[in-house]
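Okay, so here's the structure we're looking at.
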Amino acid sequence: PKRIGILTAGGDCPGLNAAIRGVGKTAIVEYGMEVLGFNAGYSGMINNDYIHLKESQLSGILTLGGTILGTSREKPFKTSKNEKDGEHKPDRIVQTYKDLGLDCVVCIGGNGTMKTANMLGKEGLNVVGIPKTIDNDVWGTDVTFGFDSAVQIATDAIDRLHTTANSHQRVMIIEIMGHHAGWLALYSGLAGGGDIILLPELEYNIRSVCKKIEARYESNKPYSIVVVAEGIGHPKGSSAAAHVSEAIQTYTGIETRQTVLGYIQRGGSPTPMDRILATRYGAFAAQCIAEENFGTMVAIKNNELTTVPLEEVGGKLRLVDANFPLIQKARKMGVSFGDEYL
Ligand code: F6P
Numbered sequence: 007p008k009r010i011g012i013l014t015a016g017g018d019c020p021g022l023n024a025a026i027r028g029v030g031k032t033a034i035v036e037y038g039m040e041v042l043g044f045n046a047g048y049s050g051m052i053n054n055d056y057i058h059l060k061e062s063q064l065s066g067i068l069t070l071g072g073t074i075l076g077t078s079r080e081k082p083f084k085t086s087k088n089e090k091d092g093e094h095k096p097d098r099i100v101q102t103y104k105d106l107g108l109d110c111v112v113c114i115g116g117n118g119t120m121k122t123a124n125m126l127g128k129e130g131l132n133v134v135g136i137p138k139t140i141d142n143d144v145w146g147t148d149v150t151f152g153f154d155s156a157v158q159i160a161t162d163a164i165d166r167l168h169t170t171a172n173s174h175q176r177v178m179i180i181e182i183m184g185h186h187a188g189w190l191a192l193y194s195g196l197a198g199g200g201d202i203i204l205l206p207e208l209e210y211n212i213r214s215v216c217k218k219i220e221a222r223y224e225s226n227k228p229y230s231i232v233v234v235a236e237g238i239g240h241p242k243g244s245s246a247a248a249h250v251s252e253a254i255q256t257y258t259g260i261e262t263r264q265t266v267l268g269y270i271q272r273g274g275s276p277t278p279m280d281r282i283l284a285t286r287y288g289a290f291a292a293q294c295i296a297e298e299n300f301g302t303m304v305a306i307k308n309n310e311l312t313t314v315p316l317e318e319v320g321g322k323l324r325l326v327d328a329n330f331p332l333i334q335k336a337r338k339m340g341v342s343f344g345d346e347y348l
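UniProt numbering numbers the first residue of the sequence shown as 7 and each following residue consecutively.
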């Protein structure tokens, strides 16, 4: 029987345990494999730090947030200045893989994790990747698990801002996670009825934002909700929300308040959609191992499970396109993306 390892790497998100369970249960029950779990992402492979995952240990974790294996931002191919001589991490990973007699490692993570998985494949390891992130920016798949849960949390926060904004007739600015990709700000902004949505991919102009807010006041809409992704252009040393909030108050004279939603977006129990997506990905990854379809990432395209070569995925981001139909539709309904008067 095959012996496999599982690891979760990069920022955590809801659904990681559902994915671990999906891989593990399918591997054990359907294919009779033996399953190990590495602790804290790639660090676990560097330090030979792992646990045996029995089928019983995979029960009761479906609904849990976080990851039972822990995670880290360890990038084994990036040598840091503090690294000791002879601490060649990729070699140690290869050694762990050989010493444990593994047939494959399942790497659950985002773009960085997929890039590392691909490089380990080049070192001779059999790898299968599973895409996760609340940012939904992994290249090669239509959707990552974690995204739906984060959209739900952020939408709920925006909903709550509406009532307090209305009571005080204020402009509320809410900052949503996403350094490079604005998917989360876009989806939660639209679902939460944001009036202005600022994304890292679209250049915004603060005067354009202010014009929209003033126009709303003039048409009897005395409060506004501005959804900003954390990665939009803003001066170093201030947050995106603080920058936009101060600028609006200065230019319009209308009272503003800011909320930075932060890590709440990554915590807690996954939504049913994410539980199902992570389970489908996990079970399919186990099938890929059984079929020896290595060097691949499991993906969803048009709601069909498929695989993409890791070589194509690593390092590339799936970003929001200005011509994305949802953006075009939203513009026609009066949502501003802060670029109308550029
Ligand atoms: O990958 C998701 C993400 O939440 C980004 O949107 C965010 O910028 C980043 O991770 C921050 O994570 P950490 O503080 O864990 O590095």
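Don't be surprised by glycine CBs; every beta carbon is placed ideally from N, CA and C.
Candidates the options, of which the one nearest residue i by Cα
{"i": "Q293", "options": "Y37, T14, A24 and P7", "result": "Y37"}
{"i": "G72", "options": "A24, V177, H94 and I238", "result": "A24"}
{"i": "K227", "options": "H168, G76, M279 and E207", "result": "H168"}
{"i": "G146", "options": "K121, R98 and T69", "result": "K121"}
{"i": "V341", "options": "T302, A246, R79 and S230", "result": "S230"}
{"i": "Q158", "options": "A191, D55, L325 and L22", "result": "A191"}
{"i": "T139", "options": "L311, T265, L204 and H186", "result": "H186"}
{"i": "Y103", "options": "K8, G16 and F151", "result": "K8"}
{"i": "K81", "options": "G115, A289 and V250", "result": "G115"}
{"i": "G17", "options": "L316, E298 and I270", "result": "I270"}
{"i": "residue 389", "options": "V100, C113, N54 and R79", "result": "Examination of residue 389 is not possible in this model, given that the chain is present from 7 through 348 alone."}
{"i": "S49", "options": "T161, H94 and E207", "result": "H94"}
{"i": "G11", "options": "D143, D105 and T69", "result": "D105"}
{"i": "D143", "options": "M178, N132 and M183", "result": "M183"}
{"i": "S275", "options": "L283, R166 and C19", "result": "C19"}
{"i": "P206", "options": "S194, W189 and G198", "result": "W189"}
{"i": "K60", "options": "T77, E40, E346 and I74", "result": "E40"}
beta-carbon residue i near the ligand F6P non-hydrogen atom, thresh 7 Å
{"i": "H240", "result": "no"}
{"i": "D109", "result": "no"}
{"i": "I140", "result": "yes"}
{"i": "G135", "result": "no"}
{"i": "H185", "result": "yes"}
{"i": "R9", "result": "no"}
{"i": "R272", "result": "yes"}
{"i": "R98", "result": "no"}
{"i": "G268", "result": "no"}
{"i": "R79", "result": "yes"}
{"i": "E207", "result": "no"}
{"i": "E181", "result": "no"}
{"i": "residue 1", "result": "Residue 1 is absent from the structure shown; the chain starts at 7 and stops at 348."}
{"i": "E236", "result": "yes"}
{"i": "G17", "result": "yes"}
Coarse secondary structure for residue i, derived from DSSP in three states
{"i": "T14", "result": "strand"}
{"i": "E40", "result": "strand"}
{"i": "A123", "result": "helix"}
{"i": "V177", "result": "strand"}
{"i": "A246", "result": "helix"}
{"i": "I238", "result": "coil"}
{"i": "L68", "result": "coil"}
{"i": "Y56", "result": "strand"}
{"i": "V100", "result": "helix"}
{"i": "R272", "result": "helix"}
{"i": "I203", "result": "strand"}
{"i": "L167", "result": "helix"}
{"i": "R9", "result": "strand"}
{"i": "I182", "result": "strand"}
{"i": "L196", "result": "helix"}
{"i": "V232", "result": "strand"}
{"i": "V144", "result": "strand"}
{"i": "L106", "result": "coil"}
{"i": "F151", "result": "strand"}
{"i": "L323", "result": "strand"}
{"i": "S78", "result": "coil"}
Host alpha helix (DSSP H) of residue i (start-end)
{"i": "G30", "result": "L22 to K31"}
{"i": "G135", "result": "Taken as a continuous stretch (DSSP letters only), G135 belongs to no alpha helix (DSSP H), being part of the beta strand (DSSP E) at V133 to P137."}
{"i": "C110", "result": "Per DSSP, C110 belongs to no alpha helix (DSSP H); it is in the beta strand (DSSP E), C110 to G115."}
{"i": "R337", "result": "P331 to K338"}
{"i": "T277", "result": "Where T277 is concerned, there is no enclosing alpha helix (DSSP H), given that its DSSP letter is neither H nor E."}
{"i": "A221", "result": "I212 to E224"}
For residue i, the first and last residue of its enclosing beta strand (DSSP E)
{"i": "K307", "result": "T302 to K307"}
{"i": "T313", "result": "E310 to P315"}
{"i": "V266", "result": "T262 to V266"}
Short CB-CB distance (under 8 Å) between residue i and chain D
{"i": "L42", "result": "Looking at the structure shown, chain D is missing, and only one protein chain is on hand."}
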